[in-house]
Structures are given as C-alpha cells and as structure tokens.
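Quick note, the numbering used here runs 784 ahead of the 1-based positions in the sequence shown.
Even glycine gets a Cβ: it sits at the ideal position worked out from N, Cα and C.
As the structure is a prediction and not an experimental result, all values here were calculated from the model.
Below is one structure, written out as structure tokens, with a few remarks after it.
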Amino acid sequence: QVQLVESGGGLVQPGGSLKLSCRASGIMFRIYGMGWYRQAPGKQRELVATISSGGSTNYAESVKGRFTISRDNAKNTVYLQMNSLKPEDTAVYYCNDATGRAFDYWGQGTQVTVSS
Numbered sequence: 785q786v787q788l789v790e791s792g793g794g795l796v797q798p799g800g801s802l803k804l805s806c807r808a809s810g811i812m813f814r815i816y817g818m819g820w821y822r823q824a825p826g827k828q829r830e831l832v833a834t835i836s837s838g839g840s841t842n843y844a845e846s847v848k849g850r851f852t853i854s855r856d857n858a859k860n861t862v863y864l865q866m867n868s869l870k871p872e873d874t875a876v877y878y879c880n881d882a883t884g885r886a887f888d889y890w891g892q893g894t895q896v897t898v899s900s
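Written as structure tokens, this is what we have:
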C-alpha cells in the first residue's frame, strides 16, 4: 500500500531556508504528478507546488519565486526547497499526488515554523 514519509521541517527564522523531502513507497512513483500541500492552524489544506511526471512545475502565487519543487525518480522522492521563508509559511507540510485524490492516504506531514 502507498506510504508517504515527509521530513526536513523545523524552526527557522524569517528569511531562512529549509528543504523538505518526501519518500514514497508502494506506488509506481515515476508515473505520478506529485505535489506539496500545507495546512496552517485553523485553515484548510492548500496546494503549494506540483511537479508532473515529466518534470513540469507549478506554484501557488504565495510561494512563486521562493519555493522550488523537484523530484528524483530513482529515489522515489519529491523535494521542496523553501527560501526566503516568511511567518505565514508556518504550517504542516504534506506531499501527495498532484490532485490530492489518487491515493486516499495522507502521511503525517512535517512541521515548518517560521519565527524569530
């Protein structure tokens, strides 16, 4: 069965950087478009970035120019490089397929806190 394990979160000061990783198992990873999502306290989960099976990327306006999504199909892993972090980026970050509906499964996520 599908398993998604997110890691790399932590506490960082405004303007800092973090790189998140998500390792997938139980799926043919290379055929899926993948996405990073986040959920802040009291808010709905939102899509942050997607990467297609072919490597095309898309970003939410709020992170465009600061975040970069990438993937390594040999490692079944999708990454999110986050630069110039802002307090409003504080959330639990999750990975999933790019539609958020293909797996009927969500991992535990990784907490990102941006604070001075």
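Query	Result
Spatially closest choice to PRO798 from LEU831, LYS870 and VAL876, by CA coordinates	LYS870
Three or more C-beta pairs below 8 Å linking the segment 839-849 and the segment 799-812	no
C-beta contact flag for TYR878 and ARG807 at 9 Å	no
7 Å Cβ shell around SER809 - same chain, five flanking residues per side excluded	GLN787 and ASN860
Through-space distance from ARG829 to ASN880, alpha-carbon basis	12 Å
Per-residue burial, ARG855 [other beta carbons within 10 Å of its own, 16 or more giving buried]	buried
DSSP beta-bridge partners of TYR821	LEU831 and TYR878
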